[in-house]
Amino acid sequence: MTQQVEQHAFQAEVDEVLSIVVNSLYSHKEVFLRELISNASDALDKLSFRALTEHGLLGDDKELHIDLIPSEDAGTLTIRDNGIGMTHDELVQNLGTIAKSGTKQLAQQLAAEGKKDISLIGKFGVGFYAAFLVADKVTVTSRAAGSDQAWMWVSDAKSGFTIEPSEREARGTNIILHLKEDASEFLREYELRNLVRRYSDYVRHPIRLRVERQKPVGDEKDEKGNPKTEKVQEWETVNTASALWTRPKGEVTEEQYHDFYKHLTHEWTDPLAYTHFKVEGTQELTGLLFVPGQAPMDLFSNKQNKGVRLYVKRVFIKEDCEELLPEWLRFMRGVIDTEDLALNVSRETVQQERVTAGIKKQVVNKTLTLLEELAEEGETTRTEPVEDDESDEEGGEQRTVEVKIHRYHKFWSAFGRILKEGVHYDWNNKERVAKLLRYR
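See the structure below:
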């Protein structure tokens, strides 16, 4: 019996978003790789999380990794992971809709910004659609962990998408990008290697690139007397595969902190400030917290995420952990990694309220200290490139200008209204918060 191929239309607004993404936002095409690697990393984290309580879920495939497979002959780049995978319904929901951000608002904002701010792609949770920046067709084959059935999702970003039963040997997801003619550079090994090291070096799972090597064939010689070689394919791990927050502060550069922030938040702007700390004693935890460089559009929405990820012993637990931050610090982003928390049976909340309260106290204290340091910093200067400067294109050095900035003034303009809530709702810290308030 012939298998049924389901034809789906995108939401009307999604069609509009895709059209804008594909036709307007070309200034940073390489965004697609960071976004898809980030999604694959999340899929591996979710699998690790479920495996904590679902014994046997990993089966014999316990080595988690992300694979990049370029094929010049086929003109395709495959991003593959052996993570949690997706069911039929999850493929339809995750790849066929933009539900969380308000698609109409997103379409209007993208149209208004045009090429000016590529960060809008990640900011609204549409990172997957960045694939269409470089591909005219995308094929996704996925098999959910614990399921025997795989599904294939196909779209050209124009006529909706199809979904049908497929085959995959084991759990995980393959994303095959059928690259446009002007995106052939993303088939080159050195280009992929450089992009991974630039944007995703700190992803804690190995990112493997399939490479071709010439290897000698025994002692055989060719017609010229040179050693005879043959092409072989090998896997090359191209990232350091260690969580950035676990490294000593002295070994992490500012650029690496900024890149990690962009990976974590899907932003393209640098953070305004950050703090990297380790707490030892009764409670052991490591934290890396960021003040965003600009306010998110949904800052005052009830559904606005707090943006702090919780890890327990380097295993991802929760995406937006409300137990770790009060409402008046909901603009903060970062990760907290602790040794002390236990999970409940549902895996959706954490036990030991006393321990959680202690961790929250530490997070609030570190955040306030960071803001106090910002407030005392005063005015600084920063070198920035001159916009629309053509000297670099003509072979000369790009001109720069010294810009005076006061980081706390910038922070207050973006988040001051939120910070004021701390005076009213946090009796333990209201005096510290009050000293951070500014009036004009």
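Residue numbering for the sequence shown follows my numbering, starting at 730 and increasing by one per position. Heads up, the beta-carbon is just placed ideally off N, CA and C, and yes, glycines get one too. Since we're looking at a predicted model, the values are computed, not measured.
Burial state of residue i, where buried means 16 or more other Cβ atoms lie within 10 Å
i: Ile1134; result: exposed
i: Arg917; result: exposed
i: Val867; result: buried
i: Ser884; result: buried
i: Ser1075; result: Low per-residue confidence applies at Ser1075: pLDDT is 36, beneath 50, and the placement is therefore not dependable, though the value from the model is reported in the following sentence. Exposed, because fewer than 16 other Cβ atoms sit within 10 Å of the Cβ of Ser1075.
i: Pro1000; result: buried
i: Thr902; result: buried
i: His794; result: buried
i: Thr994; result: buried
i: Ser770; result: buried
i: Arg1062; result: buried
i: Ala886; result: buried
i: Val1092; result: buried
Chain-order list of residues whose beta-carbon lies under 7 Å from that of residue i (same chain, five-residue window excluded)
i: Ala1086; result: none
i: Arg763; result: Tyr928, Ser929, His992
i: Gly1042; result: A small correction: the amino acid at residue 1042 is Lys; Gly does not occupy that position in the sequence shown. Here the set comprises Glu1068.
i: Leu787; result: Ala780
i: His1138; result: none
i: Arg922; result: Leu938, Val967
Cβ shell of residue i (< 6 Å), same chain only, five flanking positions each side left out
i: Arg897; result: Thr870, Arg872, Ala879
i: Glu1013; result: Glu1068
i: Phe864; result: The question names Phe, but residue 864 in the sequence shown is Ala. Closer than 6 Å at Cβ, skipping near neighbours: Leu906, His907, Leu908.
i: Leu1100; result: Leu1165
i: Cys1050; result: Val1037, Leu1039
i: Met881; result: Thr870, Glu893, Ser895
i: Asp728; result: Examination of residue 728 is not possible in this model, given that the chain is present from 730 through 1169 alone.
i: Pro945; result: Pro956, Thr958
Bridge partners - residue i, DSSP secondary structure assignment
i: Arg1038; result: Val1064
i: Leu1058; result: DSSP output for Leu1058 lists no bridge partner at all.
i: Gly901; result: Arg872
i: Ala864; result: Leu908
i: Glu996; result: Bridge partners of Glu996: none, in fact.
i: Arg942; result: Val961
i: Pro1025; result: DSSP output for Pro1025 lists no bridge partner at all.
i: Arg1161; result: According to DSSP, Arg1161 bridges with nothing at all.
i: Trp1141; result: Note: Trp1141 sits in no beta bridge, so no partner.
i: Ala1104; result: DSSP, once it has assigned bridges, lists no residue as partnering Ala1104.
Nearest residue (CA-CA) to residue i, options the options
i: Pro1021; options: Gly1036, Thr1011, Gln1012; result: Gly1036
i: Thr1096; options: Arg1059, Asn968, Gly825, Ala874; result: Arg1059
i: Tyr1040; options: Gln943, Trp964, Ser777; result: Ser777
i: Ile996; options: Ser767, Val734, Asp948; result: The sequence as given places Glu at residue 996; Ile does not occur at that position. Selected option, being the one with the closest Cα: Ser767.
i: Val1008; options: Leu1166, Ile1088, Glu1101; result: Ile1088
i: Ala860; options: Ile904, Arg933, Ala874; result: Ile904
i: Val1064; options: Trp1057, Glu1048, Pro1055, Glu1056; result: Glu1048
i: Phe682; options: Pro1025, Phe1045, Ser876; result: With the chain running from 730 to 1169 in the structure shown, residue 682 is simply not present.
i: Ala912; options: Lys758, Ile1046, Tyr1168, Gln733; result: Lys758
i: Asp877; options: Glu983, His817, Gly1010; result: His817
i: Ile936; options: Arg1146, Ile798, Leu1054; result: Ile798
i: Gly1016; options: Gly889, Lys775, Leu1053; result: Leu1053
i: Tyr1168; options: Asn811, His1153, Ser1142; result: Ser1142
i: Glu792; options: Arg933, Gly1010, Gln1091, Thr807; result: Arg933
i: Asp1066; options: Phe1006, Gly979, His784; result: Phe1006
i: Arg1083; options: Ser800, Tyr931, Thr807, Thr1011; result: Thr1011
i: Thr805; options: Thr975, Gln943, Glu910, Asp948; result: Glu910
Whole-angstrom C-beta distance between residue j and residue i, which should lie under 8 Å
i: Val925; j: Val981; result: In fact, because the Cβ distance is near 18 Å, the residues do not count as touching under 8 Å.
i: Gln736; j: Thr891; result: 6 Å
i: Ala1002; j: Leu1148; result: Wrong, their Cβ atoms sit about 14 Å apart, outside the cutoff.
i: Thr998; j: Leu1018; result: At roughly 17 Å, the Cβ-Cβ gap does not stay under 8 Å, so Thr998 and Leu1018 are not in contact.
Same chain only: Cβ atoms within 8 Å of residue i, ignoring 5 sequence neighbours per side
i: Asp951; result: Lys957
i: Val940; result: Glu918, Gln962, Glu963, Trp964, Glu965
i: Phe857; result: Glu764, Leu765, Asn768, Asn823, Leu824
i: Gly1151; result: Pro1055, Trp1057, Leu1058, Asn1158, Lys1159, Val1162
Residue i beta carbon near the ligand MG (any heavy atom closer than 7 Å)
i: Leu906; result: This structure simply doesn't include the ligand MG, nor any ligand for that matter.
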